[in-house]
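Report on the structure given below.
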Amino acid sequence: MQKIRNEGVMALKTGICRWAGGYVRLCVSGCSAERFFNLCKSARLNYWKVSRQREGCYFYMSLEDFFRLRPLLRKSHMSMRVISRAGLPFVLRQNRKRAALGAAVLSFFVLLYMMSLFIWNISFDGNYRYTRETLLGFLEEQGIRYGMMKYKISCEELEESIRTRFPEITWVSARVSGTRLLVKIKENQVLSVIPEQDSAPCDIAADSPGTITRMIVRQGKSSVRVGDTVEEGQQLVSGQLSVLNDAGEAVRTAYVHADADIYARTLHEYEAEFPQYQVVDVKTGKKRQGFGVAAGSFRLRVLLPDFEENTWNFVSDTTQLHLFEDFYLPVYVERITGESFVSYERPYTDEEKEQEALKVQEQYLKNLMEKGVQIIENNVKIQECGVSWKVVGTAVGEEQIGVKRYITEFEETSETDEHN
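The following block contains the structure:
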């Protein structure tokens, strides 16, 4: 497939070069056609698509080589006639008296050249941690933006500044191709900063009420057991330990950083309301098509007229124009599609009410699971509440309920104990 693609590109380049230089289709007749083509080959003349017909041999030849044929024709005793002409030189000759057309063509190429001096597209590749908007904002701070001159961009300085500003980016490659700035980055998947270990003395308290289901205490003294019911703020693990002597008497008090995983069965209640009537949009089947063109601050949109003054929903698809892969232009083309619809209110059906309740339930349970709650049981019901419907639900789950509570008055106690 790659070989076929390369051959197609080479054929396209060859065709463009031949058209730019001009070429003619010729017919030679006589008794020494083979000698004529051998002489052309020896003289390194460029010809192609040779075909033999009744009138003679037809072939194509570049305009430059055409003017070198006369000595070869005399030498091989062949006659020649021109069948057709094609290419840029003949187009310019035919339109030499059309000054306006020539000026327009010249202005077009001058405009293309001028636009090729600026950056009209910025693309990023390999960014996952940082969004495109974040990187574009940083480039804006560095003075790099759409429409700036290409020669003002230093790719080496840009690469260095990105690595300095974003430590998680370990490799950057920036290059200017055509009218496009390409920035390829590679982010570090390992944390660049190792968090410091917290060793301050603390207790562990419950941040929500529940029933203890399992405990793993690594450091500290447990204040509750599995099966106990705890309230919010109740101490679960104490960071205050008594040091005993051989007689079993408390000599001093030691303070440690309590560490434990405590799981409890918790109850979550939630509710939400939605109106008894819903707005329904029904498509009428009528459509409108349009297009838009934007260049800088200029914007033009053209739509088919609406004589019935209906309500429309429009969707647009915007594309930036480019001549080649990396030669982008500051022109955007917009395709607009509109569909007409009619809105009216109607009450919810029983099935739709259940769907709305399920949406509320799924969203709430999703939020709980994102917090690490393992759902054990959940119930939901719908109640009529005046002019609206109320969704009331409960969810039973298992989650960690321990939260650190630092000890602030341990120093005085510790000094007193040491003095005694």
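Those letters in the sequence shown? Residues 48 to 467, per my numbering, in order. Beta carbons: idealized from backbone N, C-alpha and C, even for Gly. As the structure is a prediction and not an experimental result, all values here were calculated from the model.
Would you check if the distance between the CB atom of Ser-270 and the CB atom of Ser-255 is smaller than 7 Å? no
What is the rounded straight-line gap between the Cα of Arg-65 and the Cα of Gly-134? 7 Å
Tell me the residue span of the alpha helix (DSSP H) that contains Tyr-160. 146-162
Tell me, which residues are paired with Thr-365 by DSSP? Answer by DSSP bridge pairing, in chain order: Glu-381.
Excluding sequence positions up to five away, which residues of its chain have a Cβ less than 7 Å from the Cβ of Gly-257? Val-277, Ala-311, Arg-312, Thr-313 and Ile-448
Tell whether a beta-carbon distance below 7 Å holds between Arg-227 and Tyr-375. Yes. Within cutoff.
Alpha carbon to alpha carbon, what distance is there between Arg-117 and Ala-58? 29 Å
Could you check if Thr-463 is buried or exposed, using at least 16 other CB atoms within 10 Å of its CB as the buried criterion? Low per-residue confidence applies at Thr-463: pLDDT is 40, beneath 50, and the placement is therefore not dependable, though the value from the model is reported in the following sentence. Its Cβ having fewer than 16 others within 10 Å, Thr-463 is exposed.
Checking 7 Å against the spacing of the C-beta atoms, do Lys-428 and Val-443 come in under that value? no
Between the CA atoms of Tyr-107 and Asn-93 - distance to the nearest angstrom: Rounded to the nearest angstrom, the two C-alpha atoms are 9 Å apart.
Determine the burial state of Asp-250: buried for a count of at least 16 other Cβ atoms within 10 Å of its Cβ, exposed for fewer. buried
Taking the straight line between their C-alpha atoms, what separation do you get for Cys-104 and Val-129? 12 Å
Is the beta carbon of Lys-333 sitting closer than 7 Å to the one on Ser-387? yes
Does the pairing of the segment 351-363 with the segment 321-338 give three or more beta-carbon distances under 8 Å? Yes: the two stretches touch, three or more of their Cβ pairs being nearer than 8 Å.
Between the segment 203-219 and the segment 182-192, are three or more C-beta pairs nearer than 8 Å? yes
Which of the three DSSP states is assigned to Asn-426 in this structure? strand
Would you identify the three-state DSSP class for Asn-168, choosing helix, strand or coil? strand
For a test of the three-state rule: what should DSSP assign to Ala-442, helix, strand or coil? strand
Span of the alpha helix (DSSP H), counted from its first residue to its last, around Phe-137: Counting along the chain, the alpha helix (DSSP H) containing Phe-137 begins and ends at 135-141.
Excluding the 5 residues preceding and the 5 following Glu-320 in the sequence, name in chain order all residues of the same chain whose CB lies nearer than 6 Å to its CB. Ser-435 and Lys-437
Where Ala-253 falls, given that 16 or more other Cβ within 10 Å makes a residue buried: Ala-253 counts as buried, since no fewer than 16 other beta carbons sit within 10 angstroms of its beta carbon.
Leaving out five residues on either side along the sequence, give the residues of the same chain with a beta carbon under 8 Å from the beta carbon of Thr-358. Ser-387, Phe-388, Val-389 and Ser-390
Starting from Arg-82 and walking both ways along the alpha helix (DSSP H), at which residues does that stretch end? 80-89
Out of Leu-288, Ile-259 and Ser-224, which one is the CA nearest neighbour of Gly-267? Leu-288
DSSP has Thr-257 in a bridge; who is on the other side? Checking the sequence, you will find Gly at residue 257 rather than Thr. When beta bridges are read from the DSSP output, Gly-257 appears opposite Val-277.
Using the Cα positions of Gln-281 and Thr-211, report the straight-line distance between them to the nearest angstrom. 47 Å
Specify, as a first and last residue, the run of the beta strand (DSSP E) that Val-489 falls within. In this structure the chain extends from 48 to 467, so residue 489 is not present and cannot be described.
Could you give the DSSP three-state label for Thr-463: helix, strand or coil? Its pLDDT being 40, under 50, Thr-463 is placed unreliably in this model, and the value from its coordinates should be taken loosely. Of the three classes helix, strand and coil, the one that applies to Thr-463 here is helix, per DSSP.
Where do the N-terminal and C-terminal ends of the alpha helix (DSSP H) with Tyr-177 fall, by residue? Looking at the DSSP string, Tyr-177 is not in any alpha helix (DSSP H), and its letter there is neither H nor E.
Would you mind reading off the limits of the beta strand (DSSP E) that contains Gln-287? 287-291
On the DSSP letters alone, give me the boundaries of the beta strand (DSSP E) that Glu-234 sits inside. 227-234
Would you kindly report the start and end of the unbroken beta strand (DSSP E) that includes Met-108? 104-109
Can you tell me whether Tyr-198 is helix, strand or coil according to DSSP? helix
Using only the alpha-carbon positions, how far apart do Lys-413 and Gln-421 sit? 10 Å
Which whole-angstrom value is the C-beta distance of Gly-69 and Leu-110, which I expect to be below 8 Å? 4 Å
Ser-340 versus Leu-368: straight-line alpha-carbon distance, rounded: Before going further, note that residue 340 is Val rather than Ser in the sequence given. Their backbone Cα atoms lie some 10 Å apart in a straight line.
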